[in-house]
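J.: Here it is, the structure, as structure tokens.
Residue numbers (the working numbering): 187 to 262.
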């Protein structure tokens with residue numbers, strides 16, 4: 187199953203994790219230098235939720251934003 191929101195289709199984003207060393211210029215140093223760049227993923231905050239579709243329960247992943255906005259009706 188894809189790690190995507192079933193309503194807004196929000197998924198993972200790719201980026202970099204930077205490691206820096208050195209004293210900042212603001213603090214009297216020569217500035218921060220990048221020493222390492224690692225690939226990383228920014229994952230959405232997903233929850234597995236049972237919702238009502240055509241009167242029947244179905245389990246999908248929902249992001250917290252859609253859950254808070256009340257875009258779906260939970261099946262209880």
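Even glycine gets a Cβ: it sits at the ideal position worked out from N, Cα and C.
CB residue 238 to CB residue 257, shorter than 9 angstroms?
T.: No, Cβ-Cβ distance for residue 238 and residue 257 is not below 9 angstroms.
J.: Could you tell me which of 195, 253, 222 and 216 sits nearest to residue 236, measuring between CA atoms?
T.: Ranking 195, 253, 222 and 216 by Cα distance to residue 236 puts 253 first.
J.: Among the candidates 206, 227 and 231, whose CA atom is the shortest distance from the CA of residue 217?
T.: For residue 217, the nearest C-alpha among the options comes from 206.
J.: Please say whether residue 198 and residue 212 have beta carbons closer to each other than 9 angstroms?
T.: Cβ atoms of residue 212 and residue 198: not closer than 9 angstroms.
J.: Rounded to the nearest angstrom, what separates residue 201 and residue 209 at their Cα positions?
T.: One C-alpha to the other measures close to 25 angstroms.
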